[in-house]
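Engineer: According to our numbering, the sequence shown is numbered sequentially starting from 113. A virtual CB, placed ideally from N, CA and C, is assigned to each residue, including glycine.
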Amino acid sequence: MWFRPARRAQEGRARDGRARRRRPHRVPSTDGPSPGVRRRSLGTTGALASVLLALGAFTIGGSAVTTEQARRHSQALDVDAWFSEAGNAIAQDEVHVRHYQVEPSVAVLDRYRATAARVLPALRHAMARDPEGAGKDAQRLMGEQEAYRRLADCLLALVADSDPTAVGLDRIGVTPAYYTLQEDIDEVSRAYHARAQSQSVAMRRGATRMLIGTSAGFVIGLGLVAVIWRMVLGYQRRLVQDAYASQHLALHDPLTGLPNRVLFRRRLGDSLAAHAEGEPMGTAVLGRSDRRDRQLAVMIIDLNGFKAVNDTLGHQAGDELLVEVGRRLRASAREDDLVARLGGDEFAVLVPDLSSPAEALAIAERFAGALRHDFGLAEGLASVSGSIGVTVGAAGGDAEELVRQADAAMYRAKSDGGGVTLFERGTDSSAPDRMTLFGELRALLDAGDPEGQLELHFQPQVRLADSSVTEVEALVRWRHPTRGLLLPAAFLSIAESRGLEIPLTYHLLDIAVAHAARWQAAGHPLTVAVNVSSRCLLDGAFVPRVQAALVRTGLPRHLIKVELTEGSVMTEPERSRETLRQIRDEGVKVSIDDFGTGFSSLLQLKQLPADELKIDRSFVRWLRPDTEDFVLVRSVIELARNLGLTVVAEGIESLDTLELLADLGCDLVQGFALSEPVPDEALLNACEQARQRCRSASWSALPGPRSPG
Ligand code: C2E
Ligand code: CA
Ligand code: CA
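#1: On the DSSP bridge assignment, give the partners of I500 in chain order.
#2: Between the alpha carbons of S730 and M411, how many angstroms are there, rounded?
#3: On the DSSP letters alone, give me the boundaries of the alpha helix (DSSP H) that H387 sits inside.
#4: Below 8 Å, can you find three or more Cβ-Cβ pairs linking the segment 658-673 to the segment 689-700?
#5: Residues around ligand 3, please: the condition is that the C-beta lies closer than 7 Å to some non-hydrogen atom of it.
#6: Please report the Cβ distance between L568 and I623, rounded to the nearest whole angstrom; I am assuming they are in contact, meaning their Cβ atoms lie under 8 Å.
#7: List the endpoints of the continuous beta strand (DSSP E) containing L466.
#8: Decide if G199 is buried, meaning its Cβ has at least 16 other Cβ atoms within 10 Å, or exposed.
#9: Does the Cβ-Cβ distance between A203 and Q294 come in under 8 Å?
#10: For S787, which of helix, strand or coil comes out of DSSP?
#11: Comparing alpha-carbon positions, which option in S186, S444, Y260 lies nearest R484?
#12: Flag this pair as yes or no: are the beta carbons of I704 and E686 separated by less than 8 Å?
#13: Roughly how many angstroms separate the alpha carbons of L744 and A586, rounded to a whole number?
#14: R446 by DSSP, collapsed to three states: which one?
#15: Go ahead and label G456 buried or exposed: buried means 16 or more other beta carbons lie within 10 angstroms of its beta carbon, across all protein chains shown.
#16: Is there at least one non-hydrogen atom of ligand 2 closer than 7 Å to the beta-carbon of N422?
#17: For the beta strand (DSSP E) that contains S703, what are its first and last residues?
#18: At a cut-off of 7 Å, is N416 close to ligand 2 when judged by its beta-carbon and the heavy atoms of the ligand?
#19: Using the Cβ count rule (16 or more neighbours within 10 Å means buried), how would you classify Q122?
#20: Let me know the secondary structure DSSP gives V781 once reduced to three states.
#21: Can you round the beta-carbon distance between C806 and V574 to whole angstroms, since I take them to be within the 8 Å contact cut?
#22: Considering only the alpha carbon of each residue, which of A193, I340, E771 lies closest to R736?
#23: Considering only residues of the same chain and omitting the five flanking positions on each side of V339, which have a CB-CB separation below 7 Å?
#24: For the beta strand (DSSP E) that T758 lies in, which residues bound it at each end?
#25: Just how far apart, CA to CA, sit L237 and V331?
#26: For R125, which three-state DSSP category applies?
#27: In or out: R127 buried (at least 16 other Cβ within 10 Å) or exposed?
#28: So does the segment 370-388 actually touch the segment 455-471, counting three or more Cβ pairs closer than 8 Å?
#29: Using the Cα positions of R803 and L576, report the straight-line distance between them to the nearest angstrom.
#30: I need the DSSP call for E675, collapsed to helix, strand or coil.
#31: What's the gap between the Cα of L94 and the Cα of R630?
#32: Out of curiosity, what's the CA-to-CA distance linking M254 and T178?
#33: Using beta-carbon positions only, say whether H627 and D792 come within less than 8 Å of one another.
#34: Look up V584 in the DSSP assignment and say whether it is helix, strand or coil.
#35: The alpha helix (DSSP H) spanning Q801 covers which residue range?
#36: Could you check if P656 is buried or exposed, using at least 16 other CB atoms within 10 Å of its CB as the buried criterion?
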């Protein structure tokens, strides 16, 4: 069970709400990249896309140009080659013509014809390869070749005929035609060669441009990729940071920045598990068996007086104080200790490694000391203190149980007026059932018991002098939704061992006073005796609570009586007596309950500000003359009379005892023999029954009330 009373949780939530508005601890936003970052990343990605597109276009364009240049280059080379072939054939023809003039044989003539036949196809090839550029040149050269061929053929015929004009024809016809043709063809061939070369230069230049262009594009692209990569990394880092921030937010209190309940619970579980494995969290080197011997402590710290700070100095001051409390606790803790804020004004500390409970107590005392100093807030000086519950656990312990124990010890500390209290297993038999009951009772009181599960039954007290009933004792009952009607024995000790008795007493006090006020208004003025827990005597709120209840209901003060056990005045006699004095000054009667069991000395009894002694039922129950009980009861009554106190005998189980008590001078009697405690609606009948039974007792058959003593 890990709960906090609803009201406190709500208070905590309200404070947290304010705290969230103030946000003293910076919490990074968790919503995506900022518009600036988004714009920048879009821009960069766009730029990268443009660069890639440009690079692609450049490469495609570049390779188209290069292909065209390569085509032209090879075309020019081809044309050049065909023109060179034609030039070579013409040169060989000329050689054959000269050879024939020296040796006019058929073989030479055949060779001449064969080479001459190569010229025209070569020129046609050149023309076909580049009809536009080479067409004209080829056609002109073909014409020139035709002319040369005709002249050469003519010359060869003259030579064959040994015609002397052949020399003249050669000189003025064939030779000039040959040179013209050869020069022309050389020139054309050179032109194409030059063109091929310039194409090759252009190609080289284009390749260089491509190289530079693609390299530049590649470098720019690479740069942009780097920028995008950086942005992606940055974004990733931000995501990680944001994830961390939201995790931090989920596990920490936004006001103080301390771990919250969830993280505290988690760390406690981890610590217990680590202990179970023999590895206390964050400890120095220890032997494995040493580690198993070590313990951990859980502390719950609740502030006393925090509400007053909020009420007088304002919530802003309350928040400031909580922050400072967190800081002081952190500063007083050791490095490995975990200080958390559970909510509201409640903090918790996990001490993960301890050698003994004494060490835990020493640490807790440090916390208490740190909180004792005044808090200098912007709104003024404030002072609070801490109620610190400490429990010590070991390997494999139950986290929930430890927190419950520390919580119970904290309540104990609170009802002792603050300071440090160690949870003691022995005194608080921690049966889960008791724990459950405790939790239910606390929740009930915290919620103000809206269904009225806690009710009072009343037991009449009969005045022996006249058998009248003017007083009743209020006794608590818990109408539990599943367990039925519970008597005080079933739950009072649980409440008392864990500090719930103060709120319980105040709650019942209000109910009792309200009942008494109703009876009085209905014409049945009955004094109601309210059982008050001893710790209330040390609680500064006790007297004001009684006053407030009286003022609220308008009940006359003499119609209320507080019952305190003899022992309850012994813890801090001075303070307790002072409280009782104040109560009596208010006009409220004080009764000392269970008298005879507390061994108070005569002197103590004399100093006690009381109006009444209630002799404990253990002495009354078997009261017979000449017994030890009889002697004791007699002495108590005598003593009380000497001190001017009223005497009540409780636990009357037999009407026979009434005569003895009347003889001894007892004033009031109460017990099952007269009436059991009954609910409000049965009270008038019960009073009547008690009266009649008292009268019916043998001794009262005597006329008139007996004067005691
Ligand atoms: P107590 O103050 O001594 O109350 C008297 C107890 O004796 C009551 O028990 C009552 O029912 C019982 N009783 C009455 N007549 C007889 C009898 O003839 N014989 C016997 N054997 N018992 C008798 P109950 O109601 O169970 O209360 C037990 C104790 O619980 C009370 O003892 C008182 O100490 C405490 N208590 C009861 N109500 C309250 C309460 O409202 N507040 C606080 N703080 N304590 C309460
Ligand atoms: Ca009582
Ligand atoms: Ca009693």
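Structural biologist: So, from the listed chains and residues:
#1: One-based indexing of the sequence shown puts residue 500 at position 388. I500 is bridged to I413, V532.
#2: The count along the sequence shown starts at 1 and reaches residue 730 at position 618. The count along the sequence shown starts at 1 and reaches residue 411 at position 299. Between S730 and M411, the C-alpha separation is close to 41 Å.
#3: Looking up residue 387 in the sequence shown gives position 275. Here the alpha helix (DSSP H) through H387 covers 373-388.
#4: yes
#5: Any heavy atom of ligand 3 within less than 7 Å of a residue's beta carbon puts that residue on the list, which reads D705, D706, K726, D728, R729, E762.
#6: Reading the sequence shown from its first residue, position 456 is the one you call residue 568. Reading the sequence shown from its first residue, position 511 is the one you call residue 623. Indeed they touch by this definition, with Cβ atoms about 6 Å apart.
#7: Here residue 466 corresponds to residue number 354 of the sequence shown, with the count starting at 1. Looking at the DSSP string, the run of the beta strand (DSSP E) that includes L466 is 458-466.
#8: As a first step, residue 199 is located in the sequence shown; it is residue number 87 there, counting from the start. Looking at its Cβ environment, which holds 16 or more other Cβ atoms inside 10 Å, G199 is buried.
#9: On the sequence shown, residue 203 is found 91 positions in, with the first residue counted as 1. On the sequence shown, residue 294 is found 182 positions in, with the first residue counted as 1. For A203 and Q294, yes; Cβs fall inside 8 Å.
#10: Within the sequence shown, residue 787 is the residue found at index 675, counting from 1. If DSSP states are grouped into helix, strand and coil, S787 belongs with coil.
#11: Locating residue 484 in the sequence shown gives position 372, where the first residue counts as 1. Per the Cα distances, S444.
#12: The count along the sequence shown starts at 1 and reaches residue 704 at position 592. The count along the sequence shown starts at 1 and reaches residue 686 at position 574. It is not a contact, given that the beta carbons lie outside the stated cut-off.
#13: Looking up residue 744 in the sequence shown gives position 632. Looking up residue 586 in the sequence shown gives position 474. Those two C-alpha atoms are separated by around 27 Å.
#14: By one-based count along the sequence shown, residue 446 stands at place 334. Correct three-state label for R446: coil.
#15: Here residue 456 is taken as the residue at index 344 of the sequence shown, counted from 1. Buried, by the Cβ-count rule.
#16: By one-based count along the sequence shown, residue 422 stands at place 310. No.
#17: Here residue 703 refers to the residue found at position 591 when the sequence shown is read from its first residue. Taken as a continuous stretch (DSSP letters only), the beta strand (DSSP E) holding S703 covers 701-707.
#18: Numbered from 1 along the sequence shown, position 304 holds the residue referred to as residue 416. Not under cutoff, so the answer is no.
#19: Translated into positions along the sequence shown, residue 122 becomes position 10. In this prediction, Q122 scores a pLDDT of 39, lower than 50, which makes its location untrustworthy; the coordinate-derived value is nonetheless stated afterwards. Its Cβ having fewer than 16 others within 10 Å, Q122 is exposed.
#20: Within the sequence shown, the letter at position 669 stands for residue 781. DSSP places V781 within a strand segment (E or B) once states are collapsed to three.
#21: As a first step, residue 806 is located in the sequence shown; it is residue number 694 there, counting from the start. As a first step, residue 574 is located in the sequence shown; it is residue number 462 there, counting from the start. Rounded, the Cβ-Cβ distance is 5 Å, consistent with contact.
#22: As a first step, residue 736 is located in the sequence shown; it is residue number 624 there, counting from the start. Closest by alpha carbon: E771.
#23: Position 227 of the sequence shown holds residue 339. Answer for V339: T156, listed in chain order.
#24: In the sequence shown, counting from the first residue as 1, residue 758 sits at position 646. Per DSSP, T758 belongs to the beta strand (DSSP E) from 758-762.
#25: As a working note, residue 237 is residue 125 in the sequence shown. As a working note, residue 331 is residue 219 in the sequence shown. The amino acid at residue 237 is misidentified as Leu; the sequence shows His. One C-alpha to the other measures close to 47 Å.
#26: Mapped onto the sequence shown, residue 125 falls at position 13. Per-residue confidence for R125 stands at a pLDDT of 39, beneath the threshold of 50, marking its modelled position as unreliable; the derived number appears in the next sentence. For R125, the secondary structure class from DSSP, reduced to helix, strand or coil, is helix.
#27: Stepping through the sequence shown from its first residue, residue 127 is reached at position 15. Bear in mind that a pLDDT of 42 at R127, under 50, signals an unreliable position, so the number given afterwards is only what the model happens to contain. Burial call: buried.
#28: When Cβ pairs closer than 8 Å are counted between the two stretches, the segment 370-388 is seen to touch the segment 455-471, the count reaching three or more.
#29: By 1-based counting over the sequence shown, the position of residue 803 is 691. By 1-based counting over the sequence shown, the position of residue 576 is 464. Roughly 9 Å between the two C-alpha positions.
#30: Taking the first residue of the sequence shown as 1, we reach residue 675 at position 563. E675 falls in the strand class under three-state DSSP.
#31: In the structure as shown, the chain starts at 113 and stops at 821, and residue 94 therefore has no counterpart that could be examined.
#32: The residue labelled residue 254 in the question sits at position 142 within the sequence shown. The residue labelled residue 178 in the question sits at position 66 within the sequence shown. Those two C-alpha atoms are separated by around 33 Å.
#33: Counting from 1 along the sequence shown, the entry for residue 627 is found at position 515. Counting from 1 along the sequence shown, the entry for residue 792 is found at position 680. At a Cβ-Cβ threshold of 8 Å, H627 and D792 count as neighbours.
#34: Position 472 of the sequence shown, counted from the first residue, corresponds to residue 584. Note: V584 maps to strand in three-state DSSP.
#35: As a position in the sequence shown, residue 801 is number 689, starting the count at 1. Taken as a continuous stretch (DSSP letters only), the alpha helix (DSSP H) holding Q801 covers 795-808.
#36: Counting from one through the sequence shown, the residue named residue 656 turns up at place 544. P656 is exposed by the Cβ-count criterion.
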